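Throughout the sequence shown, residue numbering follows the numbering used here, covering 3 to 146 in sequence. We put the beta carbon where it would ideally sit given N, CA and C, even for glycine. Keep in mind the model is a prediction, meaning the values are calculated, not measured. Before any comments, here is the structure.
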Amino acid sequence: MAKRYGVLLLVAVLVVVIVNLSLSDTGDSLVFAHNQDCSTVDKAAGDDFTVKITFKNTGKTEGTWSINIAFEDSSWSQVGTPQNLTLTPGQTETLVWEGAVPTNATVDSVARLVVYYNDSFKALNWWIHVVPGAELSIKSSIVE
């Protein structure tokens, strides 16, 4: 019963966060693009991951941004290396980050991808779900 209420509370918190993020306006001319639907990716602790994000300057002048990413969860986080991005009006560019799920990440934890740029941030709908790294299978059996 407590597990059910915990799940309902988690869903309610996620709805509030999503609504809050959709209503916030940073006023920046940098937009994010992705070629795939956002989703959850299963990774074991210690597994490598790659993040590719395409940015576009939708403003009227050249802009320069300091950009970084992080996967954030209450039990673990993984922060990328900051990158500088300069774009002319209408220009797009894809930045790539390589990382690994921390070896001490809790199984069944879920971390969300957050992009930090200058003094702003945007939580994207990409998640890493930590799955067990070990898997048991039965190789043989016998009954006599």
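Check	Outcome
Near Asp75, which residues of its chain fall below 7 Å by C-beta distance, leaving aside the five closest residues on each side in sequence?	Ser111, Val112 and Ala113
Is the stretch 92-107 close to the stretch 120-129, with three or more CB pairs under 8 Å?	no
If distances are taken between C-alpha atoms only, which option among Ala107, Gly92 and Thr60 comes closest to Ile130?	Ala107
Just to confirm, does Leu87 get its C-beta within under 6 Å of one of the non-hydrogen atoms of the ligand PLP?	You won't find the ligand PLP in this model; it holds no ligand whatsoever.
Is it the case that the Cβ atoms of Trp99 and Gly82 are separated by a distance below 7 Å?	yes
Need the endpoints of the beta strand (DSSP E) that Lys45 sits in, please.	Thr42 to Ala46
Quick one: is Val109 buried, meaning 16 or more other Cβ sit within 10 Å of its Cβ, or exposed?	exposed
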